[in-house]
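A.B. asks: As you go down the protein sequences, you meet chains S and W in turn.
Counting from 1, one number per residue, gives the positions in the first sequence under the UniProt record's numbering.
Counting from 1, one number per residue, gives the positions in the second sequence under the UniProt record's numbering.
Number of protein chains: 2
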Amino acid sequence: MKLANRTIKTSESGLDALFAATSADVISFAGGYPDGQLFPTKAMQAAFNASFAADQGTLLQYGTTTGYTPLRQKIAARLNRLDGLSLTADDILLTQGAQQGLDLTARLLLNKGDGVVVEGPTYIGGLAAFDAYEPTYYEVPVQSDGLDLTSLKKVLLKHEIKFLYTIPDFHNPTGTVMSVEKRQALVQLANQFDFIILEDAPYRDLRYSGERIPPVKAFDTEGRVIYLGSFSKILAPSLRLGWLVATPALLKAITALKAGADVESSHLVAVAVDDYLTHNSLDAHLDTLKTSYAVKKDAMVQALTQYMPKAAHFNNPEGGFFLWLTLPEGFDTEKFMLESLLPEAKVSFVPSKNLFASKSVINGARLNFTNVSVEDIEHGVAALGSALSQALAQPISHHG
Amino acid sequence: MKLANRTIKTSESGLDALFAATSADVISFAGGYPDGQLFPTKAMQAAFNASFAADQGTLLQYGTTTGYTPLRQKIAARLNRLDGLSLTADDILLTQGAQQGLDLTARLLLNKGDGVVVEGPTYIGGLAAFDAYEPTYYEVPVQSDGLDLTSLKKVLLKHEIKFLYTIPDFHNPTGTVMSVEKRQALVQLANQFDFIILEDAPYRDLRYSGERIPPVKAFDTEGRVIYLGSFSKILAPSLRLGWLVATPALLKAITALKAGADVESSHLVAVAVDDYLTHNSLDAHLDTLKTSYAVKKDAMVQALTQYMPKAAHFNNPEGGFFLWLTLPEGFDTEKFMLESLLPEAKVSFVPSKNLFASKSVINGARLNFTNVSVEDIEHGVAALGSALSQALAQPISHHG
Chain S
1 MKLANRTIKT SESGLDALFA ATSADVISFA GGYPDGQLFP TKAMQAAFNA
51 SFAADQGTLL QYGTTTGYTP LRQKIAARLN RLDGLSLTAD DILLTQGAQQ
101 GLDLTARLLL NKGDGVVVEG PTYIGGLAAF DAYEPTYYEV PVQSDGLDLT
151 SLKKVLLKHE IKFLYTIPDF HNPTGTVMSV EKRQALVQLA NQFDFIILED
201 APYRDLRYSG ERIPPVKAFD TEGRVIYLGS FSKILAPSLR LGWLVATPAL
251 LKAITALKAG ADVESSHLVA VAVDDYLTHN SLDAHLDTLK TSYAVKKDAM
301 VQALTQYMPK AAHFNNPEGG FFLWLTLPEG FDTEKFMLES LLPEAKVSFV
351 PSKNLFASKS VINGARLNFT NVSVEDIEHG VAALGSALSQ ALAQPISHHG
Chain W
1 MKLANRTIKT SESGLDALFA ATSADVISFA GGYPDGQLFP TKAMQAAFNA
51 SFAADQGTLL QYGTTTGYTP LRQKIAARLN RLDGLSLTAD DILLTQGAQQ
101 GLDLTARLLL NKGDGVVVEG PTYIGGLAAF DAYEPTYYEV PVQSDGLDLT
151 SLKKVLLKHE IKFLYTIPDF HNPTGTVMSV EKRQALVQLA NQFDFIILED
201 APYRDLRYSG ERIPPVKAFD TEGRVIYLGS FSKILAPSLR LGWLVATPAL
251 LKAITALKAG ADVESSHLVA VAVDDYLTHN SLDAHLDTLK TSYAVKKDAM
301 VQALTQYMPK AAHFNNPEGG FFLWLTLPEG FDTEKFMLES LLPEAKVSFV
351 PSKNLFASKS VINGARLNFT NVSVEDIEHG VAALGSALSQ ALAQPISHHG
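1. What ranges does the alpha helix (DSSP H) occupy inside the segment 313-339 of chain S, keeping only unbroken runs of at least 4 residues that lie completely in it?
2. Name the two residues that bound the continuous beta strand (DSSP E) containing W/Y165.
3. Counting only Cβ pairs nearer than 7 Å, list the residues of chain W close to S/L355.
4. Using a cut-off of 7 Å between C-beta atoms, extract the partners of W/N5 located in chain S.
5. Using a Cβ-Cβ distance under 8 Å, would S/L323 count as near chain W?
6. If the criterion is Cβ atoms closer than 8 Å, does the pair S/G260 and W/A129 meet it?
7. Between S/Q192 and the rest of its own chain, which residues show a CB-CB distance below 7 Å, the 5 nearest in sequence each way excluded?
8. So, with DSSP's three-state summary, where would you put W/N368?
9. For S/F322, tell me which candidate among S/L268, S/Q302, S/G330 and S/Y203 has the shortest Cα-Cα distance.
10. Which chain W residues are close to S/F48, counting only those with a beta carbon under 8 Å from its beta carbon?
11. Whose C-beta lies closer than 8 Å to the C-beta of S/F236 among residues of the same chain, with five residues either side of it excluded?
12. Would you list the residues sitting across from W/Y137 in a DSSP beta bridge?
13. Taking buried to mean at least 16 other C-beta atoms within 10 Å of its own C-beta, is S/P248 buried or exposed?
14. Would you report the Cα separation of W/V350 and S/E139, rounded to the nearest angstrom?
15. Starting from the Cα of W/L228, find the closest Cα among W/G210, W/I213 and W/I197 and give me that residue.
16. Taking C-beta pairs closer than 9 Å, name the residues in chain W that S/F39 reaches, listed in chain order.
17. Report back the beta-carbon spacing between S/F314 and S/L325 to the nearest angstrom; my notes put them in contact at under 8 Å.
18. Using a beta-carbon distance below 8 Å, is W/S266 in contact with chain S?
19. Under the rule that 16 or more other beta-carbon atoms within 10 Å means buried, what is W/L157, buried or exposed?
20. Under 7 Å between beta-carbons, which chain S residues line up against W/Y33? List them in chain order, please.
21. Should S/S360 be labelled buried (16 or more other beta-carbon atoms within 10 Å of its own) or exposed?
22. Would S/K353 and S/E329 qualify as a contact pair, given that the criterion is a beta-carbon distance under 8 Å?
23. Give, in chain order, every residue of the segment 226-257 of chain W whose Cβ lies closer than 9 Å to some Cβ of chain S.
24. State yes or no: is the beta carbon of W/M1 nearer than 8 Å to at least one beta carbon in chain S?
25. How would you write the range of the beta strand (DSSP E) that S/Y307 sits in, first residue to last?
26. If you run the structure through DSSP and keep just helix, strand and coil, what is W/V187?
27. Give every residue of the same chain whose Cβ lies closer than 6 Å to the Cβ of S/D145, excluding the five residues on either side of it in the sequence, and list them in chain order.
28. Rounded to whole angstroms, what is the Cα-Cα separation between W/L149 and W/Y165?
29. Does the segment 370-387 of chain W touch the segment 299-311 of chain W, meaning 3 or more C-beta pairs lie closer than 8 Å?
30. I'd like the span of the alpha helix (DSSP H) that includes S/I124, first residue to last.
31. Measuring only the C-alpha atoms, how far is W/F170 from W/S209?
32. Under a CB-based cut-off of 8 Å, is W/G36 close to chain S?
33. Give the C-beta separation of S/Q96 and S/S265 to the nearest angstrom, bearing in mind that I take them to be a contact with Cβ-Cβ under 8 Å.
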């Protein structure tokens, strides 16, 4: 019984070790979870209730693959209002979180071996989605203001690529934001070298300081940007509800692919979320999230400032879920976490290795601050600092 | 901007014409929808309410890719009780309806060009799911007692195949049931020729007459049967909740693929359905469905007996959603429906051509009876009979 090549590759992705790193007595900076205390549970219960109460026999039936039109209209209106886009419901497909948008875009574009540019590091679930279509990856470093365009141009001059995957706002895993200038230049490169930009923006609405800047999609002149949004981080992950923005022509092809993948997303959930958005202010809910997450982020930055050894470097992101820790070259954060930090200090993070398509960078770590209490952030970072100081005092070959 | 080969193929699948065939003034026998009047709306509303009321902060959070364990336990227990299987929750993955099970199985097994046996005719959404992985199809006819095993053996002697896709219970589109003897023989062939059987059973619990027979999975001796079930036809499609049964080793690989495709299915929906199953009798609900659908099926068979011209043949299935109409060889049911039946008689069905991977059989049609009133069944079949009699009186070259 021979499995497909993609399956063999996927089972080596290292996701297992990542998930195994979570247990009750561990302070986990590894997850990418929103704070469960902040879910709008009562309002969501009311929205489901109202949807059932108003039902005329269609709520539990099949809807359409594209998705419930009033909700798509609301999503379009919101993006138009906040980001200066001019979308209608016809530009939007409802998806199973943003994750399915990653799968469907790869499915739309990739034949085996086709070129894909990914950021280094990038979202591990992006690689998991794309891996199924067996692309050739070209990795471009992420700088403090986003993608390294000089490095990107070198790739584009040598290789044909189908799409470039980027998380421009509060990047997963580094927390960085791509500058406006780079967003504009990236679209120009896409036009010049004929590729699609896959813009993944699940954290976009979670800015704690600084000014909101337009999405890459706002600079799109030739319909080359496929934009992914999600309610997972701003309302609730278990809704499994995201959206994909593309030109109507691309959207038609993507919708046909989604029909083959899962027929459609839940009409019931779409109706309930539409009701929630009708009777509640998402902006007010976002203010609650941002106030709380900003406090946690500041607590983590303060603790890191206090407890990290001098050889460790970290950033102070303006939003999102994560910040990025860099240890000296040659220091293996995966080995450190699995052999020392997790079993002894009972703290976990996501080591950098599997966040690079190339698996070439071993000295970084992603730290989440949204789903940890301020107290645990302080204790966990203190324990991390102590364990790191000890490990760094040892000969580096032990960790290399 | 070049799309993937699969995308170009998918946009030619003919699904568009099928969906376009539905409008308000049409009596549609084309759909595959359950009767919206029979949804357990009140009980489902109560289940969502109870789930929200009992929530300790996890209901709206990420769950696991495998899915909510109590629900997987209930599904296992039900299959064990009714079908003599010996499953645990560890054998079950929750999916987005059975459709995602089709996608994930193809993703698990297929490299481009790999062999897949499909029934002729088969579920059009099966072909849409598999098409994404660019298989080589081998089509085996469906007889009144299921798959033609003589024809299958000829294929197996000549070609290596990865899996065989079958809908053994109340087959979509023909309504036939595979005999027990053929189920046993099919498993033996899978063992002998080293392939997976993908058993798709969304209609299995909807038997209106005759005795329930074991699923193919019950005869599985080497873990070669992947079994798909769904709540879409027995509770509600908009839950988007199905399940996949496989050996733990295969399930582990499939779960990793699902994580890349959409992270997980909705934890909220799984908890609510689990609550529904705790406080309601699914068997009692099924009795309601079966009583109503049996009346509709009988009404359709009676109307066909009364109104069909002699040259038309149809079957009388023991369960499910569909029966199958056969017109004389050379009669093109797609042309007939699009040019005459739909615009003039305002009746629609699913013509056979796109239900065959080979597109070689043009004289069949699938008729759905579950989502049409008894009155519309009588009127629609009368109109169909009249239009068919007229068309058959014309020289066949007009339709050929």
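Beta carbons are placed, not taken as given, at the ideal position from N, Cα and C, and that holds for glycine.
These numbers come from a predicted model, not from an experiment.
C.D. replies: Here's the rundown:
1. 333-336
2. As a working note, residue 165 of chain W is residue 165 in the second sequence. That run of the beta strand (DSSP E) goes F163 to T166.
3. Translated into the one-based positions of the first sequence, residue 355 of chain S becomes position 355. Under the 7 Å cutoff, chain W gives no residues; its nearest Cβ is about 15 Å from S/L355.
4. For the purposes of this step, residue 5 of chain W is identified with residue 5 of the second sequence, where counting begins at 1. Neighbours of W/N5 on chain S, chain order: N111.
5. For the purposes of this step, residue 323 of chain S is taken as residue 323 along the first sequence, with counting starting at 1. Answer no: the Cβ-Cβ gap between S/L323 and chain W never drops below 8 Å.
6. For the purposes of this step, residue 260 of chain S is taken as residue 260 along the first sequence, with counting starting at 1. For the purposes of this step, residue 129 of chain W is taken as residue 129 along the second sequence, with counting starting at 1. Cβ distance < 8 Å, so S/G260 and W/A129 count as in contact.
7. Your numbering for residue 192 of chain S matches position 192 in the first sequence. Result list for S/Q192: empty, nothing under 7 Å.
8. If you number the second sequence from 1, residue 368 of chain W lands on position 368. Residue state, collapsed to three classes: strand.
9. By one-based count along the first sequence, residue 322 of chain S stands at place 322. The shortest C-alpha separation from S/F322 is found at S/Y203.
10. Along the first sequence, one-based indexing puts residue 48 of chain S at 48. Correct list: Q45, F48, N49 and F52.
11. Translated into the one-based positions of the first sequence, residue 236 of chain S becomes position 236. Sequence check: residue 236 of chain S is Ala here, not Phe. Contacts found: P34, F39, P40 and M44.
12. For the purposes of this step, residue 137 of chain W is identified with residue 137 of the second sequence, where counting begins at 1. The partner list for W/Y137 (beta bridge, DSSP) reads W/V116.
13. Translated into positions along the first sequence, residue 248 of chain S becomes position 248. Burial call: exposed.
14. By one-based count along the second sequence, residue 350 of chain W stands at place 350. By one-based count along the first sequence, residue 139 of chain S stands at place 139. Roughly 47 Å separates the two Cα atoms.
15. Residue numbering aside, residue 228 of chain W sits at position 228 when the second sequence is read from its first letter. For W/L228, the nearest C-alpha among the options comes from W/I197.
16. Reading the first sequence from its first residue, position 39 is the one you call residue 39 of chain S. Per Cβ cutoff of 9 Å: D55, G57, L59, L60 and Q61.
17. Here residue 314 of chain S corresponds to residue number 314 of the first sequence, with the count starting at 1. Here residue 325 of chain S corresponds to residue number 325 of the first sequence, with the count starting at 1. About 5 Å; that satisfies the 8 Å criterion.
18. Taking the first residue of the second sequence as position 1, residue 266 of chain W is located at position 266. Judged by the 8 Å Cβ criterion, W/S266 is in contact with chain S.
19. To locate residue 157 of chain W, count along the second sequence from 1; it is residue 157. Counting Cβ neighbours within 10 Å, W/L157 comes out exposed, since fewer than 16 surround it.
20. Translated into positions along the second sequence, residue 33 of chain W becomes position 33. Chain S residues near W/Y33: Q61 and Y62.
21. Sequence index remark: in the first sequence, residue 360 of chain S carries index 360 (1-based). Counting Cβ neighbours within 10 Å, S/S360 comes out exposed, since fewer than 16 surround it.
22. Within the first sequence, the letter at position 353 stands for residue 353 of chain S. Within the first sequence, the letter at position 329 stands for residue 329 of chain S. No, the Cβ-Cβ distance between S/K353 and S/E329 is not below 8 Å.
23. S232, L235, A236, P237, S238, L239, R240, L241, L250, K252, A253, I254, A256 and L257
24. Reading the second sequence from its first residue, position 1 is the one you call residue 1 of chain W. Yes, W/M1 lies at the interface with chain S (some Cβ there is under 8 Å from its Cβ).
25. Against the first sequence, residue 307 of chain S aligns to sequence position 307. Run containing S/Y307: none in the beta strand (DSSP E); it sits in the alpha helix (DSSP H), L282 to Y307.
26. Position 187 of the second sequence, counted from the first residue, corresponds to residue 187 of chain W. Reduced to three states, the DSSP call for W/V187 is helix.
27. Locating residue 145 of chain S in the first sequence gives position 145, where the first residue counts as 1. Around S/D145: S179.
28. What you label residue 149 of chain W is simply residue 149 of the second sequence in a count that begins at 1. What you label residue 165 of chain W is simply residue 165 of the second sequence in a count that begins at 1. Taking the straight line joining both Cα atoms gives about 13 Å.
29. yes
30. As a working mapping, residue 124 of chain S is identified with position 124 in the first sequence. Per DSSP, S/I124 belongs to the alpha helix (DSSP H) from I124 to D131.
31. In the second sequence, counting from the first residue as 1, residue 170 of chain W sits at position 170. In the second sequence, counting from the first residue as 1, residue 209 of chain W sits at position 209. The alpha-carbon atoms of W/F170 and W/S209 are separated by roughly 12 Å.
32. Translated into the one-based positions of the second sequence, residue 36 of chain W becomes position 36. Yes, its Cβ sits closer than 8 Å to a Cβ of chain S.
33. As a position in the first sequence, residue 96 of chain S is number 96, starting the count at 1. As a position in the first sequence, residue 265 of chain S is number 265, starting the count at 1. That belief holds up - the Cβ atoms of S/Q96 and S/S265 are roughly 6 Å apart, short of 8 Å.
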